[in-house]
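A.B. asks: So for the sequence shown, full-length UniProt numbering puts the first residue at 1; every next one is plus one. All residues carry an ideal CB built from backbone N, CA and C; glycine is no exception. In this text the structure is predicted, and so the values were computed from the model without any measurement.
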Amino acid sequence: MCVFVFLQAPVTSIMKENKWRLYITEMDELNRPIHTFQVCHVMEPNQNNWLRTNWIPRQAAQKIYVELRFTLRDCNSIPWVSGTCKETFNLLYYEADEPHGANAHFHPNDYAKIDTIAADESFTQTDLGDRVLRLNTEVREVGPIARKGFYLAFQDVGACIALVSVRVYYKKPGFYKAFAGNIKCSKCPPHSSSHTEGSALCHCEKGYYRASKDPPTMACTRPPSPPRNLAFNINETALFFEWSPPSDTGGRKDITYNVSCLRCGADGQPCQPCNSNVRFMPRPVGLTSTSVVVQDFVAHANYTFQIEALNGVSGMGRSTRQVANITEQEQLSYSSTRTKSPSAIVTGLKPSTVYVFHVRARTLAGYSSYSPKFEFATGDENSEEAADQGQVLVIVTATVGGFSLLVILTLFLLITGRCQWYIKSKIKSEDKKRTQYQNGHVPFPGLKTYIDPDTYEDPSQAVHEFAKEIDPSRIRIERVIGAGEFGEVCSGRLRVPGKKEIPVAIKTLKGGYTERQRRDFLREASIMGQFDNPNIIRLEGVVTKSRPVMIVVEYMENGSLDSFLRKHDGHFTVIQLVGMLRGIASGMMYLSDIGYVHRDLAARNILVDDNLVCKVSDFGLSRVLEDDPEAAYTTTGGKIPIRWTAPEAIAYRKFSSASDTWSYGIVMWEVMSYGERPYWEMSNQDVILSIEEGYRLPAPMGCPVALHQLMLLCWQKDRNRRPRFSDMVNFLDKLIRNPSSLLTLVEDVNGFPESPEDMPDYPLFISISDWLDSIKMSQYKNNFIAAGYTTMDSVSSMSIDDVRRIGVSLIGHQRRIVSSIQALRLQFLHVQQSGFHV
Numbered sequence: 001m002c003v004f005v006f007l008q009a010p011v012t013s014i015m016k017e018n019k020w021r022l023y024i025t026e027m028d029e030l031n032r033p034i035h036t037f038q039v040c041h042v043m044e045p046n047q048n049n050w051l052r053t054n055w056i057p058r059q060a061a062q063k064i065y066v067e068l069r070f071t072l073r074d075c076n077s078i079p080w081v082s083g084t085c086k087e088t089f090n091l092l093y094y095e096a097d098e099p100h101g102a103n104a105h106f107h108p109n110d111y112a113k114i115d116t117i118a119a120d121e122s123f124t125q126t127d128l129g130d131r132v133l134r135l136n137t138e139v140r141e142v143g144p145i146a147r148k149g150f151y152l153a154f155q156d157v158g159a160c161i162a163l164v165s166v167r168v169y170y171k172k173p174g175f176y177k178a179f180a181g182n183i184k185c186s187k188c189p190p191h192s193s194s195h196t197e198g199s200a201l202c203h204c205e206k207g208y209y210r211a212s213k214d215p216p217t218m219a220c221t222r223p224p225s226p227p228r229n230l231a232f233n234i235n236e237t238a239l240f241f242e243w244s245p246p247s248d249t250g251g252r253k254d255i256t257y258n259v260s261c262l263r264c265g266a267d268g269q270p271c272q273p274c275n276s277n278v279r280f281m282p283r284p285v286g287l288t289s290t291s292v293v294v295q296d297f298v299a300h301a302n303y304t305f306q307i308e309a310l311n312g313v314s315g316m317g318r319s320t321r322q323v324a325n326i327t328e329q330e331q332l333s334y335s336s337t338r339t340k341s342p343s344a345i346v347t348g349l350k351p352s353t354v355y356v357f358h359v360r361a362r363t364l365a366g367y368s369s370y371s372p373k374f375e376f377a378t379g380d381e382n383s384e385e386a387a388d389q390g391q392v393l394v395i396v397t398a399t400v401g402g403f404s405l406l407v408i409l410t411l412f413l414l415i416t417g418r419c420q421w422y423i424k425s426k427i428k429s430e431d432k433k434r435t436q437y438q439n440g441h442v443p444f445p446g447l448k449t450y451i452d453p454d455t456y457e458d459p460s461q462a463v464h465e466f467a468k469e470i471d472p473s474r475i476r477i478e479r480v481i482g483a484g485e486f487g488e489v490c491s492g493r494l495r496v497p498g499k500k501e502i503p504v505a506i507k508t509l510k511g512g513y514t515e516r517q518r519r520d521f522l523r524e525a526s527i528m529g530q531f532d533n534p535n536i537i538r539l540e541g542v543v544t545k546s547r548p549v550m551i552v553v554e555y556m557e558n559g560s561l562d563s564f565l566r567k568h569d570g571h572f573t574v575i576q577l578v579g580m581l582r583g584i585a586s587g588m589m590y591l592s593d594i595g596y597v598h599r600d601l602a603a604r605n606i607l608v609d610d611n612l613v614c615k616v617s618d619f620g621l622s623r624v625l626e627d628d629p630e631a632a633y634t635t636t637g638g639k640i641p642i643r644w645t646a647p648e649a650i651a652y653r654k655f656s657s658a659s660d661t662w663s664y665g666i667v668m669w670e671v672m673s674y675g676e677r678p679y680w681e682m683s684n685q686d687v688i689l690s691i692e693e694g695y696r697l698p699a700p701m702g703c704p705v706a707l708h709q710l711m712l713l714c715w716q717k718d719r720n721r722r723p724r725f726s727d728m729v730n731f732l733d734k735l736i737r738n739p740s741s742l743l744t745l746v747e748d749v750n751g752f753p754e755s756p757e758d759m760p761d762y763p764l765f766i767s768i769s770d771w772l773d774s775i776k777m778s779q780y781k782n783n784f785i786a787a788g789y790t791t792m793d794s795v796s797s798m799s800i801d802d803v804r805r806i807g808v809s810l811i812g813h814q815r816r817i818v819s820s821i822q823a824l825r826l827q828f829l830h831v832q833q834s835g836f837h838v
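1. Within the chosen definition, does the stretch 188-200 reach the stretch 224-236 through at least 3 CB pairs nearer than 8 Å?
2. If you scan the stretch 478-566 from start to end, which runs of the beta strand (DSSP E) of 3 or more residues do you find wholly inside it?
3. What is the rounded straight-line gap between the Cα of residue 104 and the Cα of residue 205?
4. Assuming residue 113 is part of the beta strand (DSSP E), what are its boundary residues?
5. Pick from 156, 113, 140, 119: whose alpha carbon is nearest that of residue 44?
6. For the alpha helix (DSSP H) that contains residue 307, what are its first and last residues?
7. Taking all protein chains shown into account, do 16 or more other C-beta atoms lie within 10 angstroms of the C-beta of residue 644, making it buried, or fewer, making it exposed?
8. Give me the DSSP bridge partner(s) of residue 50.
9. On the DSSP bridge assignment, give the partners of residue 35 in chain order.
10. For residue 241, which of 35, 477, 736 has the nearest alpha-carbon?
11. Here's a check: name, in chain order, each residue in its chain whose Cβ is nearer than 6 Å to the Cβ of residue 529, leaving out the five neighbours to either side.
12. Only counting the same chain, and skipping five residues up and downstream in sequence, which positions put a Cβ closer than 8 Å to that of residue 290?
13. For residue 38 versus residue 21, is the C-beta distance shorter than 8 Å?
14. Are the Cβ atoms of residue 71 and residue 159 separated by less than 8 Å?
15. Measuring CA to CA, which of 523, 108, 475, 286 is closest to residue 494?
16. Between the stretch 650-658 and the stretch 673-680, do three or more beta carbon pairs fall short of 8 Å?
17. Output the distance between the C-alpha atoms of residue 511 and residue 500, rounded to the nearest integer angstrom.
18. Roughly how many angstroms lie between the CA atoms of residue 233 and residue 738, to the nearest whole one?
19. Give me the residue from 595, 619, 597, 594 with the minimum Cα distance to residue 606.
20. Suppose you measure from the CA of residue 220 to the CA of residue 185; what does that come to, to the nearest Å?
21. Compare the C-alpha of residue 281 against each of 547, 296, 273 and name the closest.
22. Quick check on this structure: which residue in 356, 355, 360, 231 has the alpha carbon closest to the alpha carbon of residue 338?
23. Use the C-beta contact count for residue 101: other C-beta atoms within 10 angstroms, 16 or more gives buried, fewer gives exposed.
24. What does the Cβ neighbour count give for residue 594, buried or exposed, with the cut at 16 atoms within 10 Å?
25. Which class does residue 173 belong to by DSSP, given the choice of helix, strand or coil?
26. Quick check on the DSSP output: the alpha helix (DSSP H) that includes residue 648 runs from which residue to which?
27. Could you check how far apart the C-beta atoms of residue 145 and residue 59 are, in whole angstroms? I think they sit under 8 Å.
28. Among 179, 74, 706, 592, which one has its Cα closest to the Cα of residue 744?
29. Could you check if residue 721 is buried or exposed, using at least 16 other CB atoms within 10 Å of its CB as the buried criterion?
30. With burial defined as no fewer than 16 other Cβ atoms inside 10 Å of the residue's Cβ, what is the status of residue 298: buried or exposed?
31. Please report the residue range of the beta strand (DSSP E) in which residue 213 lies.
32. Using DSSP with H/G/I as helix, E/B as strand and the rest coil, what is residue 108?
33. Over what stretch of residues does the beta strand (DSSP E) that includes residue 178 continue unbroken?
34. Distance check for residue 792 and residue 303, CA to CA, integer angstroms please.
35. At the level of alpha carbons, what is the spacing between residue 480 and residue 533?
36. The alpha helix (DSSP H) that contains residue 668, what's its start and end?
Structure below.
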């Protein structure tokens with residue numbers, strides 16, 4: 001509760017023959033000089049002396065409080081006084097919407113009496129001789145006040161009074177004054193309130209707290225909610241956890257995380273805290289980042305992990321721990337099986353359980369990389385599949401030459417599920433996929449070269465050749481969701497014969513169009529109809545034989561990528577963002593393979609479905625490449641999206657797959673900045689000049705070094721040096737398989753290069769595994785990881801004694817590893833001399 005002072009109550013005499021007078025020579029009880037209004041005509045009968053304040057606006061007040069400080073002389077101490085002496089005076093008020101004029105007549109009868117004021121202590125003649133006044137303080141309530149303001153008046157009827165001060169105020173709950181001094185009261189900080197007058201502190205609401213070091217001016221806060229989007233990935237013998245910050249931080253920024261680990265034995269034995277052999281990098285408690293790596297598990301054991309979010313008030317009051325499990329009621333188990341045959345039988349599986357398998361081979365040359373994950377779910381206890389199979393799975397692998405090893409990493413997710421996936425067909429499907437996408441850049445089976453619709457003499461022929469005509473009666477338009485260049489964009493349903501209705505987006509051509517507008521509108525359908533890729537928006541068909549003319553495409557629930565990211569700023573893990581970028585790169589790799597240039601690749605032209613799958617769309621500006629891979633489409637007209645376009649395309653209108661690569665780098669920046677505008681408020685001309693001078697967009701906050709390196713490679717001035725989309729797909733795949741490579745952020749690195757010209761020309765190894773694979777020493781991966789060598793920077797400082805110490809005993813292998821380390825050391829030295837430290 002805070003007291004707000006309106007006025008120090010200036011007063012004036014308002015009647016003729018008024019005997020109130022202003023004096024300035026009195027002293028208070030602390031011997032300080034004070035100004036007073038005094039009246040003391042006790043010898044004369046029938047006194048009626050009035051003193052009135054100026055007009056006081058009531059502001060937001062309903063009830064007014066008046067604090068009076070005054071002295072009053074005891075009538076018995078005044079010699080020869082008659083019976084006319086009084087020891088009281090009257091306090092009155094009058095409401096008015098505006099102040100009266102200076103010449104307005106005073107009417108005492110207009111004033112309502114508030115109270116008769118008497119003194120608790122009066123002074124005597126002795127006190128007067130000592131020049132010390134005994135101050136009285138009285139507070140009275142006035143109101144409720146209905147008018148815009150009011151006057152206060154003081155009526156003396158024959159007393160000896162000195163009026164020292166008048167304070168007029170109203171009470172306003174929820175205010176406080178933390179520090180002494182001539183400052184105003186402040187509103188209580190959020191989630192706190194005050195209930196007493198003159199509060200120096202606002203008390204926290206129930207469930208909210210202040211830490212001991214929090215100042216009284218700070219809002220009351222509460223413990224955070226659990227971490228979100230908890231994800232994990234198994235990389236050989238290491239487990240990588242990543243999560244998003246809590247949706248509710250409790251109003252604080254001092255968020256930290258603790259990771260707890262329980263090891264659960266077999267046969268229903270109680271779980272125990274993990275022993276010190278299990279290692280956490282960087283540590284299990286007090287984490288400020290949203291990721292941790294766990295190593296050195298024991299085989300054939302179940303592990304349960306909890307991620308706890310804390311802040312400065314966690315543990316205060318009766319607040320409960322805010323933790324997140326791997327997922328609801330999940331447990332992690334890690335085990336392996338070896339076999340020399342190309343198959344394995346796994347028994348003793350639990351019902352209603354999802355199992356995840358990795359397979360790898362070992363030959364005399366060492367271990368291969370792990371296969372992609374295979375996920376399988378067992379039926380519940382009462383299902384026919386469970387009864388027939390007895391929860392036994394047969395894993396079939398391709399035959400490998402020499403001595404083989406089958407390693408199975410099993411992840412038990414104790415969640416309810418009835419679907420049963422058959423392993424043999426799944427592995428065949430994965431084998432077929434690997435054959436098609438080996439090394440990320442093998443031509444797609446039956447891949448056709450893109451044909452430019454403009455090469456057709458009759459443009460409608462291209463539409464009918466590449467797009468399916470849809471009967472308009474099968475389309476149900478539901479609502480308008482946007483507007484395009486040629487008309488409205490709607491959502492609706494498409495009824496497919498023999499199948500369920502599917503959601504679709506429908507582009508319509510507005511009425512009154514010209515034939516050229518109709519041809520330009522359908523041109524995009526002629527382009528889209530030639531594409532067949534999971535990361536390219538799918539054309540369902542067109543309506544050309546009736547009005548309105550329509551293009552029907554698959555419906556993407558989350559709309560355009562830029563607005564989607566802005567809406568969900570900070571909600572995704574780095575791995576999820578990299579997954580989005582990988583999908584876009586895969587779609588662009590497909591377009592590049594068939595000889596197609598997009599020309600307008602930007603986050604606004606990427607659509608996102610409800611599974612966060614990103615698909616390239618908007619092919620209105622696209623053009624075809626000639627057979628010569630160095631050729632580029634050149635045009636003298638048309639608009640160019642400057643902020644996304646490569647310099648050679650801006651200057652010479654030369655578009656190529658390499659110019660799409662430049663645009664892809666800008667899309668990467670948009671994704672990592674959650675939809676910020678590239679180059680912010682710079683004008684287009686400033687953007688062009690800055691790029692020409694070597695300026696490139698800096699890394700967004702929280703951007704891993706590896707991703708910004710890829711951006712800079714995409715923004716090289718020489719288009720022939722930019723990476724191909726197949727290279728980028730491979731690069732992003734390695735990042736996804738090795739999440740620890742994303743832990744190093746640009747803001748944690750000193751002197752990170754700001755332009756491609758500053759980038760050192762050396763091989764970029766994503767992980768220890770990649771480096772060892774490159775020198776054919778992959779059999780020592782576990783040795784390096786177990787010894788704590790997890791980054792290439794740490795490897796570059798190893799000596800031959802260090803190599804021996806981690807278990808490399810063969811002299812030839814020692815020499816090969818040390819030679820490679822020496823080369824790495826020279827490369828890192830070059831990097832450091834150029835100001836780039838990792």
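C.D. replies: Let's see:
1. Too few Cβ pairs lie closer than 8 Å, so no.
2. Counting only runs of 3 or more, we get 488-494, 502-508, 539-543, 550-554.
3. Straight-line Cα distance between these residues: approximately 52 Å.
4. It spans 112-118 - the beta strand (DSSP E) in which residue 113 sits, taken as one unbroken run.
5. In this structure, 156 is the residue among 156, 113, 140, 119 with its C-alpha nearest to the C-alpha of residue 44.
6. Taken as a continuous stretch (DSSP letters only), residue 307 belongs to no alpha helix (DSSP H), being part of the beta strand (DSSP E) at 301-310.
7. By the Cβ neighbour-count rule, residue 644 is buried, with 16 or more other Cβ atoms within 10 Å of its own.
8. Paired residue(s): 155.
9. Beta-bridge pairing links residue 35 to no other residue.
10. Closest by alpha carbon: 736.
11. These residues qualify, in order along the chain: 466, 467, 539.
12. Excluding the 5 residues flanking it on each side, residue 290 has same chain C-beta neighbours closer than 8 Å at 227, 242, 243, 244, 245, 257, 573, in chain order.
13. Cβ distance < 8 Å, so residue 38 and residue 21 count as in contact.
14. No. Outside cutoff.
15. It is 475.
16. Verdict: no, contact absent.
17. Going by the C-alpha atoms only, they are around 31 Å apart.
18. Their Cα atoms are separated by approximately 8 Å.
19. When only C-alpha atoms are compared, the closest one is 619.
20. When rounded, the distance between both Cα atoms is 18 Å.
21. With distances taken between Cα atoms, residue 281 lies closest to 296.
22. With distances taken between Cα atoms, residue 338 lies closest to 360.
23. Exposed, since its Cβ has fewer than 16 Cβ neighbours within 10 Å.
24. So residue 594 counts as buried.
25. Taken through DSSP and simplified to helix, strand or coil, residue 173 comes out as coil.
26. In the DSSP annotation of this structure, the continuous segment of the alpha helix (DSSP H) that includes residue 648 starts and ends at 647-652.
27. The pair is not a contact, with the Cβ atoms about 10 Å apart (cut-off 8 Å).
28. The shortest CA-to-CA distance from residue 744 to any of 179, 74, 706, 592 is the one to 706.
29. Result: exposed.
30. Burial call: exposed.
31. Per DSSP, residue 213 belongs to no beta strand (DSSP E) and is neither H nor E.
32. In this structure, DSSP gives residue 108 a helical state, which the three-state scheme calls helix.
33. DSSP places residue 178 outside any beta strand (DSSP E), giving it a letter other than H or E.
34. If I take the Cα positions, the gap works out to 29 Å.
35. C-alpha separation (whole angstroms): 27 Å.
36. From DSSP, the alpha helix (DSSP H) with residue 668 extends over 657-672.
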